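These notes concern the structure reproduced below.
2 protein chains.
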Amino acid sequence: MTTSEQSAPAVRPGAVRFDGPEPSYDDAGLVFIGRVRSPWASRDDCPKNLSDARERGQPARVEIDARWRGALTGLGVDRWVFLLTWLDGAERDLALQAPRHADGPRGTFTLRSPVRPNPIGLHLVRLLSVDLDAGILTIDAIDVRDGTPLIDIKPYLASIDAPPE
Amino acid sequence: MTTSEQSAPAVRPGAVRFDGPEPSYDDAGLVFIGRVRSPWASRDDCPKNLSDARERGQPARVEIDARWRGALTGLGVDRWVFLLTWLDGAERDLALQAPRHADGPRGTFTLRSPVRPNPIGLHLVRLLSVDLDAGILTIDAIDVRDGTPLIDIKPYLASIDAPPE
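Pasting the structure below:
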């Protein structure tokens with residue numbers, strides 16, 4: 001690891017970069033299947049997490065590109081689903097981060113920060129409406145910037161997605 | 001959508017492919033940060049989901065490559081985390097699938113099947129031991145083949161990862 005003092009700017013005191021040359025980030029490739037349409041125009045407007053987003057009481061939308069709409073078949077209103085997003089714009093090279101809410105630097109894999117080797121967002125949301133033909137889902141809340149790319153939708157299953165007992 | 005009869009082999013009756021030419025799958029790139037070491041040598045050996053894996057009572061291991069180990073700092077034993085894996089080998093082009101357990105074809109986004117436009121696996125597991133220096137995590141169970149690439153580790157937070165109330 002390299003201390004933030006030795007390398008690039010714009011990391012908070014205490015943040016630490018991964019050591020060595022940047023990897024090429026091409027071990028596997030993603031296709032964007034749609035976009036999130038949210039009330040949040042910039043990262044600064046974004047709620048800091050989904051609880052915060054729910055408190056603001058503003059629904060959002062997901063737009064699925066035409067090619068992928070068939071895969072929505074059977075998605076029902078009031079269902080909970082995980083959205084996986086691509087948090088473009090997030091840095092990928094911090095091993096330790098110093099979030100405002102914490103009293104010191106924390107390992108990236110103990111945080112839900114967008115800054116991580118693969119900046120994938122995981123968001124549990126409720127479906128308020130589903131338009132299969134138009135490829136539009138309305139969701140109860142979201143904590144990403146307008147236009148954020150979508151990479152997957154998975155049904156929430158309490159039997160595997162909650163700790164047993 | 002194209003019916004399975006018109007196109008490639010090896011899909012079950014009722015499965016339907018997405019229409020049109022394959023996309024290039026290069027909207028964004030992933031880096032593999034490690035590998036899952038599981039008791040399951042082939043896809044046929046794999047438990048069908050994490051509940052099934054837990055019933056088999058066989059722990060597994062996650063090996064994190066050296067570059068990324070600093071990001072494990074602070075990960076504690078007995079913590080629940082989501083692992084995100086890259087389910088290499090899974091097809092990416094089915095809109096509808098006909099799982100054995102279902103009575104008919106279902107939309108891919110209503111299933112947790114590895115077959116999806118971006119074959120990312122989401123697995124909630126418990127940490128049994130953490131060796132930061134060696135980059136080795138022992139986990140209670142896993143439902144992927146030995147050698148499956150790892151792309152992220154996220155802490156489970158009941159406040160955002162479980163449906164409210």
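In the order they appear, the protein sequences are chains A and B. Under full-length UniProt numbering, think of the first position of the first sequence as 1, with each following residue one higher. Under full-length UniProt numbering, think of the first position of the second sequence as 1, with each following residue one higher. For every residue, glycine included, the Cβ atom is placed at its ideal position computed from N, Cα and C. Quantities reported herein were computed from a predicted structural model and do not represent experimental measurements.
Query	Result
Within chain B, the residues that residue 107(A) reaches when beta carbons sit closer than 8 angstroms	70, 71, 72, 73, 74 and 75
Rounded C-alpha distance that separates residue 88(B) from residue 149(B)	8 angstroms
Cβ of residue 35(B) within 8 angstroms of any chain A Cβ	no
For residue 24(B), the nearest candidate out of 163(B), 126(B) and 118(B) (CA to CA)	118(B)
Opening and closing residue of the beta strand (DSSP E) in which residue 102(B) lies	First-last for residue 102(B): undefined, no H or E at that position.
Residue range of the unbroken beta strand (DSSP E) whose run includes residue 160(B)	Unbroken run through residue 160(B) is the alpha helix (DSSP H), 158-161; no beta strand (DSSP E).
Distance between residue 63(A) and residue 189(A) (C-alpha atoms, nearest Å)	In the structure as shown, chain A begins at 1 and stops at 165. Residue 189(A) is therefore absent and cannot be evaluated.
Residue 30(B) - DSSP class collapsed to helix/strand/coil	strand
Sub-8 angstroms separation of residue 160(A) and residue 49(B) beta-carbons	yes
Exposure label - residue 69(A); buried when at least 16 CB within 10 Å	buried
Option in 55(B), 36(B) and 72(B) with minimal Cα separation from residue 61(B)	36(B)
C-alpha distance - residue 154(A) paired with residue 96(B), whole-angstrom precision	14 angstroms
Residue 12(B), buried or exposed, once every other Cβ within 10 Å from all chains shown has been counted against 16	exposed
Partners in chain B for residue 153(A), counting only beta-carbon separations shorter than 7 angstroms	109
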